[in-house]
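Undergrad: Dropping the structure in here first, questions after.
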Amino acid sequence: TVVETTTVAPAPTAMTTSLNGGMLKIHIGEGKDINLEIPMFGAQVGSAAPLATQVVEVKETTESNETVVVLAEKKVRQLTKKHYKIEKVVFGDETKIEGTTLTLRKDIAPEAVETQNLVVDMKIEIITPAEYDTYSETIMDVQPIATKESENFLGSGNTRVIDGVIMMVTGVDENGVQIGEFGSSEGILSENIMWNRPGAPDKGDIFIKTTVTIKAGTNMERPGPLAAHTASDYVTQEIRNVLKKMDETLVVETEELVQYRRPGKKKVVIIKEIMGQGAMHDNIILPTEPAGIMGGKPNVDLGNLPIMLSPLEVLDGGIHALTCIGPASKECTRHYYREPLVIATMNDPELDLCGVIFIGSPQVNSEKFYVSERLGMIIEALDIEGAIVTTEGFGNNHIDFASHIEQIGMRGIKVVGMSFSAVQGALVVGNKYMEYMVDNNKSEEGIENEVLG
-1 TVVETTTVAP APTAMTTSLN GGMLKIHIGE GKDINLEIPM FGAQVGSAAP
49 LATQVVEVKE TTESNETVVV LAEKKVRQLT KKHYKIEKVV FGDETKIEGT
99 TLTLRKDIAP EAVETQNLVV DMKIEIITPA EYDTYSETIM DVQPIATKES
149 ENFLGSGNTR VIDGVIMMVT GVDENGVQIG EFGSSEGILS ENIMWNRPGA
199 PDKGDIFIKT TVTIKAGTNM ERPGPLAAHT ASDYVTQEIR NVLKKMDETL
249 VVETEELVQY RRPGKKKVVI IKEIMGQGAM HDNIILPTEP AGIMGGKPNV
299 DLGNLPIMLS PLEVLDGGIH ALTCIGPASK ECTRHYYREP LVIATMNDPE
349 LDLCGVIFIG SPQVNSEKFY VSERLGMIIE ALDIEGAIVT TEGFGNNHID
399 FASHIEQIGM RGIKVVGMSF SAVQGALVVG NKYMEYMVDN NKSEEGIENE
449 VLG
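First residue of the sequence shown: -1, per this note's numbering; consecutive thereafter.
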């Protein structure tokens, strides 16, 4: 795109230019036949929205004759969520949706068990608000029910979402040992949930709750919890397949999420440290279906190295959480799907969010520093002005959490850290760059209180 301005003057031209953070400043003393060429961003890869013609605002100041060219925000991609309201869930002969009633096939549980060698039993319950005061095994995960329309890919296009119903995964091994570590949330549901949190159920939600039993002793090995999640996702996928065929007239709300880049604004990145020590400390990154399993890659298998996602990939279910750490300090799959930090930063007109980096937390210190150093080099290449580093859980992962902040700060970049610390999770390491810290503590005692959310 070429913007032309002409100033008639007989004298030779005196001109200075500067480029800083996407803002091109041009100072012209005198001259004529002046052509200004504004460099554009390259085309986006993947399923990005077509680039619109760049809008350029030219401002002149009479005192200094300085021309400031301000690049307008640029639309990168768009995600449309179509919401379908479900008010009743029942068991029946086939899985179907009629109006606002979801019928779940009553014989689906044995089929789901057969898909996984480590799963020996599965029980499916429909929990309405009237059953909130019933007992449950530990809550492993809370998940949205959503699916991509045909030929649409995660992070863009159209996603169909069920409102009013969530999937809840719970589980034990054959010996009755909870599939959880450093705290578990078995007990009365209403007493062990902090309602309406991003990763928790909302008051009024109906739960399709799976109670999965895996082979004895496999609850602390990677294949065990993954098998429980995969068997549960078999049930969810059957609902997704029905949701794909729903009539458009039943959509109750259409939600438009748009990712913009804002040249000239503060360029920032969000870094989310996720569990990667193995066992139940793992996550599935970028599955084919929102919050699904198939097609995704475990961050442990990817070496826990930094992986860049677009904000809309995150908000479209790009992370399936397998984490079974303390219920109060972990982030469930639904949390990522409704990530408030990503939403707020993406929509802030004064910030240019370039992406969301997910980085695993390995078990061994040498591996922690290896992946942290790779993060530092990525940050350096991005040429950002600020970063926000978050982590779930506490303890061992605070070593690399502190290292991430150091790697960013040592490059002269402002950084904010967010974690549960309080009393029980007090930081065991630190450095001079950990100046701006936000504590996510939610209990008066400052401990992991085993309440989900």
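From the three backbone atoms N, C-alpha and C, an ideal C-beta is built for every residue, glycine too.
1. According to DSSP, is Asn281 part of a helix, a strand, or is it coil?
2. Closest by CA to Val354, which one among Lys430, Val426, Tyr368 and Lys265?
3. Among Glu433, His396, Glu189 and Val427, which has the Cα closest to the Cα of Ser417?
4. Rounded to a whole number of angstroms, what is the C-alpha to C-alpha distance between Glu287 and Phe399?
5. When you compare each of Thr331, Leu303 and Thr78 to Arg158 by their alpha carbons, which one comes out closest?
6. Roughly how many angstroms lie between the CA atoms of Ile124 and Leu380, to the nearest whole one?
7. How long is the line joining the alpha carbons of Tyr130 and Lys328, rounded to whole angstroms?
8. Glu271 bridges to which residues according to DSSP?
9. Return yes when the Cβ of Ile357 is within less than 8 Å of the Cβ of Ala385, no when it is not.
10. Pick from Gly162, Ser182, Gly301 and Lys146: whose alpha carbon is nearest that of Arg372?
11. Thinking C-alpha only, which one of Ser401, Gly316, Ile212 and Tyr334 is nearest Leu152?
12. Ends of the alpha helix (DSSP H) at Gln235?
13. Just verifying my parser: in three-state terms, what is the DSSP assignment at Val427?
14. Can you round the beta-carbon distance between Lys83 and Gly162 to whole angstroms, since I take them to be within the 8 Å contact cut?
15. Along the chain, which unbroken stretches of the beta strand (DSSP E) at least 3 residues long are found entirely within the segment 139 to 167?
16. By a C-beta neighbour count over all protein chains shown, 10 Å radius and 16 as the cutoff for buried, is Ile186 buried or exposed?
17. Are there 16 or more other CB atoms within 10 angstroms of the CB of Asn239, so buried, or fewer, so exposed?
18. Exposed or buried, what is Met120 when buried is set at 16 or more other beta-carbons lying within 10 Å of its beta-carbon?
19. Helix, strand or coil, according to DSSP, for Thr453 in the structure here?
20. Looking at Leu69 and the ligand SAM, is the gap between the Cβ and the nearest heavy atom below 7 Å?
21. In the DSSP assignment, what are the bridge partners of Gln176?
22. Would you say Val340 and Gln76 are within 8 Å of each other, going by their C-beta atoms?
TA: Result, derived from the coordinates:
1. Asn281 falls in the strand class under three-state DSSP.
2. That would be Lys265, whose Cα lies nearest to the Cα of Val354.
3. It is His396 whose Cα lies nearest to the Cα of Ser417.
4. One Cα belongs to Glu287, the other to Phe399, and the distance between them is close to 30 Å.
5. Answer by Cα proximity: Thr78.
6. Using only the alpha carbons, I get a separation of about 47 Å.
7. Taking the straight line from one Cα to the other gives about 22 Å.
8. Glu271 is bridged to Ile357 and Thr389.
9. No, the Cβ-Cβ distance between Ala385 and Ile357 is not below 8 Å.
10. Ranked by how close their Cα comes to the Cα of Arg372, the residues Gly162, Ser182, Gly301 and Lys146 have Gly301 in first place.
11. Restricting attention to Ser401, Gly316, Ile212 and Tyr334, the CA atom closest to the CA of Leu152 is found in Gly316.
12. Per DSSP, Gln235 belongs to the alpha helix (DSSP H) from Pro221 to Leu241.
13. DSSP places Val427 in the coil class of the three-state scheme, outside both helix and strand.
14. Confirmed, about 6 Å.
15. Listed in chain order, the beta strand (DSSP E) runs fully inside the segment 139 to 167 are 144 to 146 and 155 to 161, counting runs of at least 3 residues.
16. Counting C-beta atoms within 10 angstroms of its own C-beta, Ile186 has fewer than 16 neighbours from the protein chains shown and is therefore classed as exposed.
17. It counts as exposed.
18. Result: buried.
19. Any answer about residue 453 is impossible in this case: the structure gives the chain only from -1 up to 451.
20. You won't find the ligand SAM in this model; it holds no ligand whatsoever.
21. DSSP, once it has assigned bridges, lists Val170 as partnering Gln176.
22. No; because the gap between Cβ atoms is not below 8 Å, this pair is not in contact.
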